[in-house]
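Order-wise, the sequence lines are chains B and W. 1 is the number of the first residue of the first sequence in the working numbering; add one for each residue after it. 1 is the number of the first residue of the second sequence in the working numbering; add one for each residue after it.
Protein chains: 2
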Amino acid sequence: MNILIVGVGLIGGSFSLALKDRSDLSFAGFDLDQEALLKAKKIGLVDEVFSEMNSAVKWADGIVLAIPVKAIKELLPVILDKLESHQFVVDFGSTKNTICETADSHEKRDQFIAAHPIAGTEHSGPDAAFKELFVDKNLILCDAEKTDLHKLMLFEDLAKSAGFYLTKMSAKEHDRHLAYISHLSHITSYVLSNTVLNKEKDGEVILDLAGSGFESTVRLAKSSPRMWSSIFLENKEMVLKGIVAYKKELEQLETLIENNEEDAIEEYLEEGRVIRKILK
Amino acid sequence: MNILIVGVGLIGGSFSLALKDRSDLSFAGFDLDQEALLKAKKIGLVDEVFSEMNSAVKWADGIVLAIPVKAIKELLPVILDKLESHQFVVDFGSTKNTICETADSHEKRDQFIAAHPIAGTEHSGPDAAFKELFVDKNLILCDAEKTDLHKLMLFEDLAKSAGFYLTKMSAKEHDRHLAYISHLSHITSYVLSNTVLNKEKDGEVILDLAGSGFESTVRLAKSSPRMWSSIFLENKEMVLKGIVAYKKELEQLETLIENNEEDAIEEYLEEGRVIRKILK
């Protein structure tokens, strides 16, 4: 089977790497960033590269879109138009609802699979890709009942080979959960980073005073701005709801501190600490 | 030299462990939590334990207070009262200004050293202590010019043996910097945890959808509520300023998202991403 990876960065590159030992698969890359594309070829993420979309799609049996959500929404209908009946296209975007809506109106909807790998690092680009990124990670398949069963099973086999375990939910449900659990984490991390950088102009001071705690809390602020600005807008409604809920929580703690309510503060922190029972 | 560790938890226990190979030092423990105290003796954090403060202080040459800030402020004057001229007392509290104010009015001020180890984990208690916690970590000495030089040098030697490198600043400066770099990290982490826990009642869903990103961002919410409620109140003024600055930043991003300003969002995230140049 020929797999075309569109977007040879952290996610696309790691998917290809994870499957490269399978002799029944060939991998090719396509990327608007020519430098990244050549790099991906050079470091062996893909066997060959295409500089032109039509021939790339024609070559492929399965196409994986590992690019920002906005780009997926633009490219997906174009690719669906070109597909022959045996081909399928998967997207690895971090929001799912608007992407699924885009696909829903297309006559080849059943050749499309909406998937979200719950995996990543704060790094990006072909160099960041590694073989084990998806091992024991969750791949969420959204609105999976709208995909042709044979194609879905073909892809599920690939995903399991790459190390994923699979869960299924609706695209709407996905975006609602992820707004709180993932998107809000990124927002609070970027905001913390900007707050500290605006206050502390001297990087040396930050480095000297930053324990591993600060480092861990701002780690996500190292993520790709292009990717995340796109995610925040794609999941705008839910993300804004998340921000409002977060501000309310923050103001609750702020008031307790203002009023010196030590016991109530401790209780508030105890509630938050319950997370350790979940994440271990 | 006899070192008394008051508070045999993560910090006090690790300090003792880090120095236990030095044959010129003996370590004893004191803790209001009798269970922790016995544990500390059992797992070898200290050689002996005291159940009564007077005899413990009399035994010691140097006393290390590794307990919450509020407890330090209560205990410090009591201990200073008891000290003979050759003895010294160090505090490892996470805020420094109110502690130093407490000491400043005492006639034995020059037998006191205010120190803050920029090291820790989200775990607490004797079991959490480990030998290497302070290796290559920063120990901030505050208002060090107020301590007798000979005693300061004695302690600096211990601190370096434990693995620390030393920096010095005023207690006020310390609290101002830490409010942003450390205390605010803990606040945003606890608040994020509470926001998500209030929204997602099902721990299984959180676990399935939480990538390493969420885990890293809420890690600090696993920290000790008793210790952190005390820190927030001790550094109240600066912490509240930090929260106000943070809310302003958050609302700036919120407005950009509301208005679909994708380029400006990306720019905002790029600014936050500068942190990767500092923390590497």
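Note that beta-carbon positions come from the ideal geometry of N, C-alpha and C, so glycine has one too. If you're wondering where the values come from, they're calculated on a predicted model, not measured in any experiment.
- Over what stretch of residues does the beta strand (DSSP E) that includes residue 26 of chain B continue unbroken? Locating residue 26 of chain B in the first sequence gives position 26, counting from the first residue. Counting along the chain, the beta strand (DSSP E) containing residue 26 of chain B begins and ends at 26-30.
| said: Going by C-alpha to C-alpha distance, which of W:226, W:89, W:45 and W:243 sits closest to residue 129 of chain W? | reply: Here residue 129 of chain W refers to the residue found at position 129 when the second sequence is read from its first residue. The candidate whose alpha carbon is nearest that of residue 129 of chain W is W:45.
- Distance, Cα to Cα, residue 37 of chain W vs residue 27 of chain W? Here the question's residue 37 of chain W lines up with position 37 in the second sequence. Here the question's residue 27 of chain W lines up with position 27 in the second sequence. In a straight line, the C-alpha of residue 37 of chain W is about 13 Å away from that of residue 27 of chain W.
With 8 Å as the C-beta to C-beta threshold (strictly closer), list the residues of the region 155-189 of chain W near chain B in chain order.
-> 167, 177, 178, 180, 181, 182, 184, 185, 186, 187, 188 and 189
field: Selected residue, minimal CA-CA separation from residue 258 of chain W, among B:242, B:153, B:178 and B:77
entry: Here residue 258 of chain W corresponds to residue number 258 of the second sequence, with the count starting at 1. The candidate whose alpha carbon is nearest that of residue 258 of chain W is B:242.
How long is the line joining the alpha carbons of residue 210 of chain B and residue 175 of chain W, rounded to whole angstroms?
Here residue 210 of chain B refers to the residue found at position 210 when the first sequence is read from its first residue. Here residue 175 of chain W refers to the residue found at position 175 when the second sequence is read from its first residue. Residue 210 of chain B and residue 175 of chain W have their C-alpha atoms spaced approximately 13 Å apart.
- Check whether the Cβ atoms of residue 197 of chain W and residue 254 of chain B lie closer than 8 Å to each other. The residue labelled residue 197 of chain W in the question sits at position 197 within the second sequence. The residue labelled residue 254 of chain B in the question sits at position 254 within the first sequence. No, the Cβ-Cβ distance between residue 197 of chain W and residue 254 of chain B is not below 8 Å.
- prompt: Comparing the C-beta of residue 196 of chain W with each C-beta of chain B, is any distance below 8 Å?
  reply: For the purposes of this step, residue 196 of chain W is identified with residue 196 of the second sequence, where counting begins at 1. Chain B, which has a Cβ nearer than 8 Å to the Cβ of residue 196 of chain W, makes this yes.
Looking at chain B, is there any beta carbon in it that lies within less than 8 Å of the beta carbon of residue 257 of chain W? Locating residue 257 of chain W in the second sequence gives position 257, where the first residue counts as 1. Taking Cβ atoms only, chain B reaches closer than 8 Å to residue 257 of chain W, which makes this a yes.
- Query: Between the region 9-24 of chain W and chain B, which residues of the former have CB atoms less than 8 Å from a CB of the latter, in chain order?
  - Reply: none
**Asked** Near residue 185 of chain B, which residues of its chain fall below 8 Å by C-beta distance, leaving aside the five closest residues on each side in sequence?
**Response** Start at 1 with the first residue of the first sequence, and residue 185 of chain B comes out as number 185. For residue 185 of chain B, where only same-chain residues beyond five positions count, the Cβ hits under 8 Å are 220.
Practice task
Please report how far the alpha carbon of residue 143 of chain W lies from the alpha carbon of residue 278 of chain W, in whole angstroms.
Solution key: Counted from its first residue, the second sequence places residue 143 of chain W at position 143. Counted from its first residue, the second sequence places residue 278 of chain W at position 278. Answer to the nearest angstrom: the Cα atoms are 27 Å apart.
Length of the line joining the Cα atoms of residue 264 of chain W and residue 256 of chain W
Against the second sequence, residue 264 of chain W aligns to sequence position 264. Against the second sequence, residue 256 of chain W aligns to sequence position 256. If I take the Cα positions, the gap works out to 7 Å.
**OP:** Kindly indicate which three-state DSSP category residue 213 of chain W falls into: helix, strand or coil?
**Re:** To locate residue 213 of chain W, count along the second sequence from 1; it is residue 213. Residue 213 of chain W falls in the helix class under three-state DSSP.
If we ignore side chains and look at the alpha-carbon of each, how far apart do residue 141 of chain B and residue 166 of chain W end up? Here residue 141 of chain B refers to the residue found at position 141 when the first sequence is read from its first residue. Here residue 166 of chain W refers to the residue found at position 166 when the second sequence is read from its first residue. In a straight line, the C-alpha of residue 141 of chain B is about 52 Å away from that of residue 166 of chain W.
For this session: Just the chain B side, please: which residues come within less than 7 Å of residue 225 of chain W by C-beta, in chain order?
Result: Your numbering for residue 225 of chain W matches position 225 in the second sequence. Going along chain B in sequence order, the residues near residue 225 of chain W (Cβ under 7 Å) are 266, 269, 270 and 273.
Inset, instruction - Show which residues of chain W have a CB atom less than 9 Å away from the CB atom of residue 45 of chain B. - result: Taking the first residue of the first sequence as position 1, residue 45 of chain B is located at position 45. Correct list: empty, because the minimum Cβ distance to chain W is about 22 Å.
Query - Per DSSP, the bridge partner or partners of residue 75 of chain B - result: Walking along the first sequence from the start, residue 75 of chain B turns up at place 75. According to DSSP, which records beta bridges pairwise, residue 75 of chain B is partnered with nothing at all.
### Message
Residues of chain B with CB closer than 7 Å to the CB of residue 232 of chain W, please, in chain order.
### Response
Taking the second sequence and counting its residues from 1, one reaches residue 232 of chain W at position 232. Simply 257 and 265.
Straight-line gap, residue 266 of chain W to residue 183 of chain B (C-alpha atoms, nearest Å):
In the second sequence, residue 266 of chain W corresponds to position 266, counting from 1. In the first sequence, residue 183 of chain B corresponds to position 183, counting from 1. The alpha-carbon atoms of residue 266 of chain W and residue 183 of chain B are separated by roughly 15 Å.
**OP:** Determine the DSSP secondary structure at residue 259 of chain W, reduced to helix, strand or coil.
**Re:** The residue given as residue 259 of chain W occupies position 259 in the second sequence. Coil, per DSSP.
Q) Which residues, taken in chain order from the region 127-149 of chain B, show a beta carbon closer than 9 Å to some beta carbon of chain W? A) 137, 138 and 140
Checklist entry - Excluding the five sequence neighbours on either side, which residues of its own chain have a C-beta within less than 7 Å of the C-beta of residue 47 of chain B, listed in chain order? => result Sequence index remark: in the first sequence, residue 47 of chain B carries index 47 (1-based). Within its own chain, the residues whose Cβ lies closer than 7 Å to the Cβ of residue 47 of chain B, once the five positions on either side in sequence are excluded, are 26, 27 and 28, listed in chain order.
Item to complete: Answer with yes or no whether the minimum CB distance from residue 214 of chain W to chain B is below 8 Å.
Response: Taking the second sequence and counting its residues from 1, one reaches residue 214 of chain W at position 214. Closer than 8 Å to some Cβ of chain B, the Cβ of residue 214 of chain W qualifies, so yes.
Beta strand (DSSP E) containing residue 93 of chain B: first to last residue?
-> Stepping through the first sequence from its first residue, residue 93 of chain B is reached at position 93. Note, residue 93 of chain B: premise wrong, no beta strand (DSSP E); not H, not E.
Worksheet item: If you drop the 5 nearest sequence neighbours on each side, which residues of the same chain put their C-beta closer than 7 Å to that of residue 224 of chain B?
Response: To locate residue 224 of chain B, count along the first sequence from 1; it is residue 224. In the same chain as residue 224 of chain B, and ignoring 5 residues on each side of it, the C-beta atoms closer than 7 Å to its own belong to 124, in chain order.
CA-to-CA distance, residue 180 of chain B to residue 202 of chain W, given in whole angstroms | The sequence position of residue 202 of chain W within the second sequence is 202, counting from 1. The sequence position of residue 180 of chain B within the first sequence is 180, counting from 1. The alpha-carbon atoms of residue 202 of chain W and residue 180 of chain B are separated by roughly 13 Å.
Could you tell me whether any Cβ in chain B is nearer than 8 Å to the Cβ of residue 193 of chain W?
Locating residue 193 of chain W in the second sequence gives position 193, where the first residue counts as 1. Judged by the 8 Å Cβ criterion, residue 193 of chain W is in contact with chain B.
### Query
Taking only beta-carbon atoms, is residue 59 of chain W less than 8 Å away from chain B?
Translated into positions along the second sequence, residue 59 of chain W becomes position 59. Answer no: the Cβ-Cβ gap between residue 59 of chain W and chain B never drops below 8 Å.
What is the rounded straight-line gap between the Cα of residue 82 of chain B and the Cα of residue 16 of chain B?
-> Sequence index remark: in the first sequence, residue 82 of chain B carries index 82 (1-based). Sequence index remark: in the first sequence, residue 16 of chain B carries index 16 (1-based). Going by the C-alpha atoms only, they are around 23 Å apart.
Note down the Cα distance separating residue 20 of chain W from residue 94 of chain W, rounded to an integer number of angstroms. Locating residue 20 of chain W in the second sequence gives position 20, where the first residue counts as 1. Locating residue 94 of chain W in the second sequence gives position 94, where the first residue counts as 1. Straight-line Cα distance between these residues: approximately 24 Å.
Open item on the list: Taking its Cβ as the centre, do 16 or more other Cβ atoms sit within 10 Å of residue 248 of chain W, making it buried, or is it exposed?
Closed with: Position 248 of the second sequence, counted from the first residue, corresponds to residue 248 of chain W. It is exposed - the Cβ of residue 248 of chain W has fewer than 16 other Cβ atoms within 10 Å.
If we call anything under 8 Å between Cβ atoms a contact, is residue 80 of chain B one with residue 7 of chain B? Position 80 of the first sequence holds residue 80 of chain B. Position 7 of the first sequence holds residue 7 of chain B. Between residue 80 of chain B and residue 7 of chain B, the gap from beta carbon to beta carbon reaches 8 Å or more.
With distances taken Cα to Cα, identify the nearest neighbour of residue 187 of chain B among B:172, B:233 and B:160. On the first sequence, residue 187 of chain B is found 187 positions in, with the first residue counted as 1. Put simply, of B:172, B:233 and B:160 the residue whose alpha carbon is nearest the alpha carbon of residue 187 of chain B is B:233.
Please report the Cβ distance between residue 164 of chain W and residue 14 of chain W, rounded to the nearest whole angstrom; I am assuming they are in contact, meaning their Cβ atoms lie under 8 Å.
To locate residue 164 of chain W, count along the second sequence from 1; it is residue 164. To locate residue 14 of chain W, count along the second sequence from 1; it is residue 14. Contact flag wrong, Cβ pair sits at about 11 Å.
### Message
Strictly under 8 Å for the Cβ-Cβ distance: is residue 208 of chain W near chain B by that measure?
### Response
Position 208 of the second sequence, counted from the first residue, corresponds to residue 208 of chain W. Cβ-Cβ to chain B under 8 Å: yes for residue 208 of chain W.
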